[in-house]
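Residue numbers (the numbering used here): 1394 to 1779.
Quick notes on the structure that follows.
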Ligand SMILES: [Zn+2]
């Protein structure tokens, strides 16, 4: 494995508190040195003058069972092909398909692939909108525990769809079963809110959903405009939302085809609730819009008022914290695996688009230049991003 020297870039690593013109040396796939004007010492020099060097970006919510239904995307498309070094599948597979996911999806990928195991044995096999949790037999704690124990390195939590369509007549009992299972396995839940796949099903109230969660669990789709979101009919945050935040529940963006709405985002942000994580909810059906990729989703948050440093923090050290991997991911430190994203920050005017085709003015764009993982340089794939 050749040594690399990323020379002349702006290293921005909120997890380490670093923001400055610092070179980064990589040797044997690990971070060897960080400092100003590092000598090449035989390493291949990568000129990153004027570019941003950040810890490998982490996208915590995607659909990566490549080939499954209309959604399953190739991990490397939203991963290293988008300047992202870690991608996390959000419950495409239940316990029974995990070995298939591991062997045919995660193992061959150039991107680090992790996964939330779906509480339902069906996972996404039938497609969104099906009642995957109504039949209590579709939740098999024993087999989930076995699958998790066999895949601890890859599994970061349990995915639960808290929608009326998925829960059906079971109400919140599946969520309570998931929480008990999470306790046993010491894993957080990733909970989808927003009745985005059915016009007739009634979602549980977000207050009731939150009452089942505990510190470290994650609500995804915090800016959804669909029923079951964080705002009441007067556009006020449900009181249980603040209580949950104070109790340590995390809130993630989960953009997707349906669930980033700029009006909702403004109302939520104006009431003081900020995202802990930024994620694309990327799949095969939204890569060419409205989602595109993680850097574009980060730039949309910048258009909503967040700073560059804040969105990089969300997509690196915060994301690692959501995954409970902050001691290995999310920061550039000597000795750690060298997972690095190099981005270009451009000052230019563009229109950021949300899931309902609403637009806002954006003045800065973020585009991937290359990613480093396993000592290799990965160029981004062509994209139709705005
Ligand atoms: Zn999703």
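For every residue, glycine included, the Cβ atom is placed at its ideal position computed from N, Cα and C.
Every value quoted in this text rests on a predicted model; they were computed, and no experiment measured them.
In this model, residue 1693 and residue 1707 are separated by some 13 Å (Cα to Cα). The residues 1623, 1624, 1661, 1664 and 1666, in chain order, have a CB closer than 8 Å to that of residue 1630 in the same chain once the five nearest residues on each side in sequence are set aside. The beta carbon of residue 1714 sits closer than 6 Å to no other beta carbon from its chain once the five residues preceding and following it are set aside. Residues of the same chain with a CB within less than 7 Å of the CB of residue 1641, apart from the 5 flanking positions on each side, are 1608 and 1609 in chain order. Counting C-beta pairs closer than 8 Å gives three or more between the region 1455-1468 and the region 1517-1527, which meets the contact rule. In the structure shown, the three-state DSSP call for residue 1566 is helix. Of the candidates 1747, 1772 and 1765, 1765 places its Cα closest to the Cα of residue 1420. The beta carbon of residue 1502 lies closer than 6 Å to those of 1468 and 1469 in the same chain, with the five residues before and after it left out.
Residue 1771 has its CB no nearer than 8 Å to any heavy atom of ligand 1. Inter-residue distance for residue 1658 and residue 1721 is about 31 Å (C-alpha atoms, whole angstroms). Under the three-state reduction of DSSP, residue 1456 is assigned to coil, being neither helix nor strand.
Ligand 1 has a heavy atom closer than 8 Å to the beta-carbon of residue 1483. Between the alpha carbons of residue 1532 and residue 1567 lies a gap of roughly 8 Å. In this structure, ligand 1 has a non-hydrogen atom nearer than 8 Å to the beta-carbon of residue 1585. In the structure shown, residue 1511 adopts extended strand secondary structure according to DSSP, grouped into three states.
Per DSSP, the unbroken beta strand (DSSP E) holding residue 1400 starts and ends at 1397-1400.
Less than 9 Å separates the beta-carbon of residue 1617 from that of residue 1651.
Here residue 1546 carries a coil assignment [DSSP, helix/strand/coil]. In the structure shown, residue 1757 falls within a strand segment according to DSSP collapsed to helix, strand and coil. Rounded to whole angstroms, the gap between the alpha carbons of residue 1554 and residue 1560 is 7 Å.
Here residue 1725 carries a coil assignment [DSSP, helix/strand/coil]. Secondary structure remark: continuous alpha helix (DSSP H) runs of at least 4 residues inside the region 1676-1750, in chain order: 1687-1696, 1701-1706 and 1712-1715.
Under the DSSP assignment, residue 1558 falls in the alpha helix (DSSP H) whose first and last residues are 1557-1560. Residues 1456, 1464 and 1466 of the same chain have their beta carbon placed closer than 6 Å to that of residue 1676, with the five preceding and five following residues left out of the count. Only residues of its own chain outside the window of five on either side were considered, and among them 1405, 1406, 1705, 1709, 1734 and 1736 have a CB closer than 7 Å to the CB of residue 1447, listed in chain order. Residue side-chain check: residue 1647 places its Cβ nearer than 8 Å to a non-hydrogen atom of ligand 1.
The region 1535-1543 and the region 1587-1600 do not touch, with fewer than 3 CB-CB distances between them shorter than 8 Å. The three-state secondary structure of residue 1769, taken from DSSP, is strand. In the DSSP assignment, residue 1470 falls within the alpha helix (DSSP H) that extends over 1468-1471. Counting the other CB atoms within 10 Å of its CB gives residue 1711 a total of 16 or more, which places it among the buried residues. Nearest in C-alpha terms to residue 1409, of all of 1586, 1415 and 1724, is 1724.
A distance below 6 Å between beta-carbons, with the five flanking residues on each side excluded, links residue 1655 to the following residues of its chain, in chain order: 1747, 1751 and 1753.
Out of 1690, 1549 and 1577, the CA that lies nearest to the CA of residue 1611 is found in 1549. Placement of the Cβ of residue 1395 at a distance of 8 Å or more from every heavy atom of ligand 1 is found. Restricting attention to 1684, 1626, 1696 and 1716, the CA atom closest to the CA of residue 1669 is found in 1716.
Bounds of the alpha helix (DSSP H) holding residue 1601 are 1599-1604.
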